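Engineer: Pasting a structure below so you can have a look.
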Amino acid sequence: MLAFIIRRILQSIVVMLMVALLSFTLFRYVGDPVVSMVGRDTTFEERAALRETLGLNDPIVVQFGRFVKNASMGDFGISYEQRRPVIDLIAERAPATLELSFVSGLFALVVGVFMGVYSGLHKDGFLSKLFQSVSLVGISLPPFLIGILLIYLFAVILGWLPSMGRGEVRQLGFWSTGFLSFSGLISLILPAITLGLFQMTLIMRLVRSEMLEVMRTDYIKFARARGLTNRAVNFGHALKNTLVPVITVTGLQLGQIIAYSIITETVFQWPGMGYLFLQAVQRVDLPVMGAYLVLVALIFVVINLIVDFLYYVVDPRLRMEGGAVS
Amino acid sequence: MDIFRYIAKRYTLIIDSDIFYSFRRSPVTVVAAVITVTYILGTIFAPWIAPHNSYDLTSLSLLDAFLPPAWIEGGTTNFLLGTDDQGRGILSTIIWGSRLSLGVGFAAVIFSGILGTALGLISGSAGGRVDAFIMRVAEVQLTFPAILIALLVDGVSRGLMNVYEAEAMAIYVVIFSIGVSFWPQYARTVRASTVVEMEKSYVEAAQVAGRHPAVIMVRHVLPNVMGPVLVITTINLALAIILEATLSFLGVGIPPTEPSLGTMIRIGNDYLFSGEWWITVFPGAALAVLVLAVNLLGDWMRDAFNPKLR
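Sequences listed follow chains A and B, in order. Here the first sequence is numbered in my numbering, starting from 59 and rising by one per residue. Here the second sequence is numbered in my numbering, starting from 7 and rising by one per residue.
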C-alpha cells in the first residue's frame with residue numbers, strides 16, 4: 059500500500075514537472091516576454107535592465123528552476139493584458155468556476171445514477187428508451203449548442219431563468235459565493251445543466267450497463283429467493299456493487315467538467331477561470347495561459363490521486379492484490 | 007470484358023460479406039450513412055448546389071440583412087432560410103459552412119491519424135526509452151481534454167504569428183490544433199497492436215530476408231494494425247467536427263469572413279435575444295444532424311469491425 063502511494067505521488071510530480079516545463083517554454087519562447095511587458099516608447103537601456111531584473115540572461119536551467127519555485131508559491135508573473143499578478147486574477151475567478159463545476163458534477167451524479175438505475179431495472183420500459191435517446195442526443199449535440207438552446211427556451215421564450223452572469227454574489231472572506239442568494243441560485247441552473255449533461259449521460263450509460271450485468275449474477279437471484287424486498291435487492295445489493303466504476307468515472311469527469319467550463323462560461327458569460335483562459339488565448343496573454351494550464355493540471359493530478367486511493371478503499375479485492383504485491 | 011467480371015466479383019464479395027450484412031440489418035445505420043453521404047456530396051458540389059456564394063463578399067448586400075425564413079412574413083423565396091447580419095443567405099452559408107466543417111474535420115483526423123499511427127509504430131517497434139518517452143507523453147496528454155490542448159495550441163500559434171498571418175492561416179491552425187489533440191489515442195492503439203504483430207513469424211521472415219526495418223513497418227506491419235485505426239478515425243471525425251465548431255464558436259477558430267457552422271452559431275448567438283433565431287437554429291440543427299449521423303456510423307463500425315472492443 060505504502061509503495062503504491064509513493065509510486066503514484068512520484069508519477070504525479072513528474073507529470074506536474076512536464077506541464078511546468080511546457081508552461082515555462084510558453085512564457086519564455088513564444089514571443090519575447092520583455093517586449094510584451096514594456097510600452098512602445100521604452101528605451102533600449104530600460105529593456106536591458108528589465109531583462110536583467112527578470113533574470114532572462116541566466117542559464118536556462120536556473121530560469122526553469124526559478125519558475126518552478128515561484129509557481130509552487132503561487133507566483134506566475136504579471137498578466138500582459140491586465141497588468142496585475144496572474145494569481146490574483148485566478149483567485150478572483152476560481153470560486154465561480156468551482157461552484158459551477160461542483161453543482162454540475164452533483165447534477166450529473168444524482169440524475170445520472172437515478173436514470174441509470176431505472177433503465178437498468180426496466181430494460182425495455184418506455185422511459186428507458188426515452189433516456190437512451192436523450193443520452194444519444196446529449197452526446198451528439200456540442201455543449202455550446204445545448205447552452206444556446208437552453209437560453210433560447212428558458213430565458214428568451216419563457217423568461218423563467220436568467221441567461222447570463224452569476225446573479226447576486228456575496229463575499230465570504232476571499233470566497234465569493236452565489237449559493238446564498240435567490241438570484242445566484244437560479245443563475246446556476248442553466249449553466250450547470252449545460253455543463254453536466256454530457257457527464258450525466260456518461261454516468262447513466264455506465265450505471266445502466268453495470269446494473270444489467272449485476273442483475274444477472276447469482277447473488278441477486280439468491281437475494282430474491284431469500285424474499286428480500288425489491289428495494290433492498292436493487293439498492294442494497296445491486297447498486298452498491300456498481301459503484302466502483304461510477305466513483306472512478308465521476309472523479310475523472312470532475313476534472314473534465316472544470317476544463318469544459320471554458321465553453322459553458324463563454325456561453326453564459328460566467329465570470330470564471332475558463333472565461334479568463336479563453337480571453338488569454340484570444341489576446342495571447344501567455345502568463346495567464348501558462349498559469350491556468352498548471353492549475354488545471356494540478357487539479358487533474360490531485361483528482362486522479364484521490365480516485366486511485368478511493369478505488370483502493372472501496373474495492374477490497376484490490377487491497378488484497380496490492381497487499382500481496384508490496 | 008475481364009474488368010467487368012472483376013468488378014462483378016468484387017461487388018458480390020462486398021454484398022455477401024458479414025460487414026455488409028450487419029450494415030443492411032441496421033436501418034439506423036443505413037439512414038446515418040445516407041445522411042453522411044448526402045452531406046459529403048453536398049459539400050463537394052457546394053458551388054453548384056448553394057443558391058448564393060456566401061464567401062463572395064462582393065455579392066452580399068446589407069439591405070438583405072436579417073431577413074426571416076421564406077415562410078415567415080417579410081421573408082423572400084430568394085433566401086429560403088433567411089439571412090444573417092451581413093445579408094448572407096443562411097441556406098447557402100450552411101452548405102458552404104458544412105463544406106468547411108467537414109473538410110477541417112477530415113483533414114484533422116487524417117493528420118492526427120498519420121501522426122499517431124507513425125508514433126505508435128515507432129513506439130511499438132523501437133521499445134526501450136523511445137517507447138517509454140512517447141507513451142508517457144501520450145499518457146500525460148490524455149489526462150487533459152482535447153479542447154484544452156486545442157485551445158493551447160491555437161493560442162501558441164497566435165503568439166508566433168502576427169494578426170494578418172493568423173487570419174490567413176486560421177484554417178490550418180485549427181486543423182493542426184485538433185490534429186495534435188487527437189494523436190495519443192491512435193498512438194496507444196497502434197502501439198498495442200504493433201507489439202503483438204512484431205512477435206509474429208512474418209515479421210521475423212521479413213527481417214531474415216533482409217528488408218529495411220522501415221519497409222517492414224510500412225509494408226508488413228502497418229496493414230495489419232489498420233483495422234482499429236479506421237474505427238477510431240470515424241469516431242474521431244464526429245469529435246473533430248464538434249471541436250472545430252466549438253473553437254469557431256469560442257472565436258478562436260474559423261474567422262467570420264468565411265463562416266463554418268460553428269462561426270455561424272457564434273454570429274447568431276449575438277442576435278438571439280432580438281428575435282432573429284434562424285441565424286443560430288438552422289446551422290445548429292445542421293451541425294447536430296451531421297454529428298449524430300457520423301456518430302451512429304462510428305458506433306456501428308466499432309461493433310462491426312471489432313466485436314472485441316465492446
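Cβ coordinates follow ideal geometry from the N, Cα and C atoms, glycine included. Because the structure is a prediction, the values reported are computed rather than measured.
1. Could you check if His180 (chain A) is buried or exposed, using at least 16 other CB atoms within 10 Å of its CB as the buried criterion?
2. Roughly how many angstroms separate the alpha carbons of Arg142 (chain A) and Ile120 (chain B), rounded to a whole number?
3. Can you give me the C-alpha to C-alpha distance between Ala149 (chain A) and Val227 (chain A), rounded to a whole angstrom?
4. From Pro75 (chain B) to Trp102 (chain B), what distance separates their C-alpha atoms?
5. Would you report the Cα separation of Arg282 (chain A) and Asp182 (chain A), rounded to the nearest angstrom?
6. Does the CB of Leu315 (chain B) have a neighbour CB from chain A at under 8 Å?
7. So, under 8 Å CB-CB, Gly348 (chain A) and Phe85 (chain A) are touching, yes? Tell me the CB distance rounded to an integer number of Å.
8. Put Leu246 (chain A) into one of helix, strand or coil per three-state DSSP.
9. So Gly257 (chain B) contacts chain A; which residues on that side make the cut at Cβ distance below 7 Å?
10. Per DSSP, Gly95 (chain B) forms a beta bridge with which residues?
11. Within 8 Å of any Cβ in chain A, is that where the Cβ of Ala251 (chain B) sits?
12. Helix, strand or coil: which one does DSSP assign to Gln147 (chain B)?
13. Does the beta-carbon of Ser288 (chain B) have 16 or more other beta-carbons within 10 angstroms, so that it is buried, or is it exposed?
14. How far does the alpha helix (DSSP H) with Arg151 (chain A) in it extend, from its first residue to its last?
15. Using only the alpha-carbon positions, how far apart do Thr286 (chain B) and Pro261 (chain B) sit?
16. I need the boundaries of the alpha helix (DSSP H) containing Arg224 (chain A), first residue and last residue.
17. Anything in chain A within Cβ reach of Leu106 (chain B), meaning under 7 Å, just list it in chain order.
18. Of the residues that make up the stretch 307–335 of chain A, which ones have a beta carbon closer than 7 Å to any beta carbon in chain B?
19. CA-CA distance, Gly290 (chain B) and Phe237 (chain A)?
20. Could you name the residues of the same chain whose beta carbon sits closer than 7 Å to that of Val77 (chain A), not counting the 5 residues immediately before and after it, in chain order?
21. List the endpoints of the continuous alpha helix (DSSP H) containing Trp306 (chain B).
22. Classify Thr44 (chain B) as helix, strand or coil using the three-state DSSP reduction.
23. On the three-state DSSP scale, how would you describe Trp328 (chain A)?
24. Nearest to Leu264 (chain A) by alpha carbon, out of A:Val120, A:Leu219, A:Leu80, A:Met173?
25. Any Cβ of chain B within less than 8 Å of the Cβ of Pro200 (chain A)?
26. List the residues of chain A that Pro74 (chain B) touches, going by C-beta distances under 7 Å, in chain order.
27. Please report the residue range of the alpha helix (DSSP H) in which Arg65 (chain A) lies.
28. Give the secondary structure of Thr235 (chain A) by DSSP, where H, G and I count as helix, E and B as strand, and everything else as coil.
29. For Arg109 (chain A), which of helix, strand or coil comes out of DSSP?
30. Can you give me the C-alpha to C-alpha distance between Leu106 (chain B) and Ser266 (chain B), rounded to a whole angstrom?
31. Please report the distance separating the alpha-carbon of Thr89 (chain B) from that of Ser241 (chain A).
32. Assuming the contact rule is C-beta atoms closer than 8 Å, Tyr318 (chain A) and Leu253 (chain A) should be a hit. Round their C-beta distance to whole Å, please.
33. Let me know the secondary structure DSSP gives Gln140 (chain A) once reduced to three states.
34. Pair every Cβ in the stretch 220–238 of chain B with every Cβ in the stretch 250–260 of chain B, then say whether three or more of these pairs are closer than 8 Å.
35. Would you mind telling me which residues of chain B sit closer than 9 Å to Val68 (chain A), beta carbon to beta carbon, in chain order?
36. Which residue spans inside the stretch 91–137 of chain B form an unbroken alpha helix (DSSP H) run of at least 4?
Structural biologist: Taking the definition as stated:
1. For this step, residue 180 (chain A) is matched to residue 122 along the first sequence. So His180 (chain A) ends up on the exposed side.
2. As a first step, residue 142 (chain A) is located in the first sequence; it is residue number 84 there, counting from the start. As a first step, residue 120 (chain B) is located in the second sequence; it is residue number 114 there, counting from the start. Cα-Cα distance, rounded: 43 Å.
3. Position 91 of the first sequence, counted from the first residue, corresponds to residue 149 (chain A). Position 169 of the first sequence, counted from the first residue, corresponds to residue 227 (chain A). Near 15 Å, if we compare the C-alpha coordinates of Val227 (chain A) and Ala149 (chain A).
4. The residue you call residue 75 (chain B) lines up with position 69 of the second sequence. The residue you call residue 102 (chain B) lines up with position 96 of the second sequence. Their Cα atoms are separated by approximately 18 Å.
5. Stepping through the first sequence from its first residue, residue 282 (chain A) is reached at position 224. Stepping through the first sequence from its first residue, residue 182 (chain A) is reached at position 124. Distance between the alpha carbons of Arg282 (chain A) and Asp182 (chain A): 21 Å.
6. Stepping through the second sequence from its first residue, residue 315 (chain B) is reached at position 309. For Leu315 (chain B), the pLDDT reaches just 45, beneath the cut-off of 50, and the residue's location in the model is therefore unreliable, although a value from the coordinates is still provided. Answer no: the Cβ-Cβ gap between Leu315 (chain B) and chain A never drops below 8 Å.
7. Reading the first sequence from its first residue, position 290 is the one you call residue 348 (chain A). Reading the first sequence from its first residue, position 27 is the one you call residue 85 (chain A). Contact flag correct, Cβ pair sits at about 5 Å.
8. Counting from one through the first sequence, the residue named residue 246 (chain A) turns up at place 188. Leu246 (chain A) falls in the helix class under three-state DSSP.
9. Along the second sequence, read from residue 1 onward, the residue named residue 257 (chain B) stands at position 251. Those within 7 Å of Gly257 (chain B) in chain A are Gln340.
10. By 1-based counting over the second sequence, the position of residue 95 (chain B) is 89. In the DSSP output, where bridge partners are listed per residue, Gly95 (chain B) has B:Thr89.
11. For the purposes of this step, residue 251 (chain B) is taken as the residue at position 245 of the second sequence. Yes, its Cβ sits closer than 8 Å to a Cβ of chain A.
12. Here residue 147 (chain B) is taken as the residue at index 141 of the second sequence, counted from 1. In this structure, Gln147 (chain B) counts as helix in the three-state DSSP scheme.
13. Residue 288 (chain B) sits at position 282 when you count from the first residue of the second sequence. The sequence shown places Phe at residue 288 (chain B), not Ser. Its Cβ being crowded by 16 or more others within 10 Å, Phe288 (chain B) is buried.
14. Counted from its first residue, the first sequence places residue 151 (chain A) at position 93. Counting along the chain, the alpha helix (DSSP H) containing Arg151 (chain A) begins and ends at 144–179.
15. Within the second sequence, the letter at position 280 stands for residue 286 (chain B). Within the second sequence, the letter at position 255 stands for residue 261 (chain B). Rounded to whole angstroms, Thr286 (chain B) to Pro261 (chain B) spans 16 Å at the Cα level.
16. In the first sequence, counting from the first residue as 1, residue 224 (chain A) sits at position 166. Careful: Arg224 (chain A) lies outside any alpha helix (DSSP H) and carries neither H nor E.
17. One-based indexing of the second sequence puts residue 106 (chain B) at position 100. Result: empty, since nearest Cβ-Cβ is about 16 Å, beyond 7 Å.
18. Gln314, Ala317, Tyr318, Ile320, Ile321, Thr324
19. Locating residue 290 (chain B) in the second sequence gives position 284, counting from the first residue. Locating residue 237 (chain A) in the first sequence gives position 179, counting from the first residue. Spanning the two alpha carbons is a distance of roughly 33 Å.
20. Here the question's residue 77 (chain A) lines up with position 19 in the first sequence. Within the same chain, Val77 (chain A) has close Cβ partners Leu351, Val352, Ala355.
21. For this step, residue 306 (chain B) is matched to residue 300 along the second sequence. From DSSP, the alpha helix (DSSP H) with Trp306 (chain B) extends over 284–311.
22. Sequence index remark: in the second sequence, residue 44 (chain B) carries index 38 (1-based). DSSP places Thr44 (chain B) in helix when its eight states are reduced to three.
23. Taking the first residue of the first sequence as 1, we reach residue 328 (chain A) at position 270. Trp328 (chain A): coil per DSSP, three-state reduction.
24. One-based indexing of the first sequence puts residue 264 (chain A) at position 206. Answer by Cα proximity: A:Met173.
25. Taking the first residue of the first sequence as position 1, residue 200 (chain A) is located at position 142. With 8 Å as the cut-off, Pro200 (chain A) counts as an interface residue toward chain B.
26. In the second sequence, the residue the question calls residue 74 (chain B) occupies position 68. Ordered by position in chain A, no residue passes the 7 Å Cβ test against Pro74 (chain B), which lies about 16 Å from the chain.
27. Within the first sequence, numbered from 1, the residue matching residue 65 (chain A) stands at position 7. Unbroken alpha helix (DSSP H) run through Arg65 (chain A): 60–87.
28. Looking up residue 235 (chain A) in the first sequence gives position 177. In this structure, Thr235 (chain A) counts as strand in the three-state DSSP scheme.
29. Reading the first sequence from its first residue, position 51 is the one you call residue 109 (chain A). Three-state result, Arg109 (chain A): helix.
30. Counting from 1 along the second sequence, the entry for residue 106 (chain B) is found at position 100. Counting from 1 along the second sequence, the entry for residue 266 (chain B) is found at position 260. Taking the straight line from one Cα to the other gives about 6 Å.
31. Locating residue 89 (chain B) in the second sequence gives position 83, counting from the first residue. Locating residue 241 (chain A) in the first sequence gives position 183, counting from the first residue. Computed Cα separation, rounded: 36 Å.
32. By 1-based counting over the first sequence, the position of residue 318 (chain A) is 260. By 1-based counting over the first sequence, the position of residue 253 (chain A) is 195. About 6 Å separates the two Cβ atoms, so the contact holds.
33. Along the first sequence, one-based indexing puts residue 140 (chain A) at 82. Here Gln140 (chain A) sits in coil by DSSP.
34. no
35. Within the first sequence, numbered from 1, the residue matching residue 68 (chain A) stands at position 10. Val is not the amino acid found at residue 68 (chain A); the sequence shown has Leu there. The premise fails here: Leu68 (chain A) is roughly 13 Å from chain B at the closest Cβ pair, so nothing lies under 9 Å.
36. 96–132
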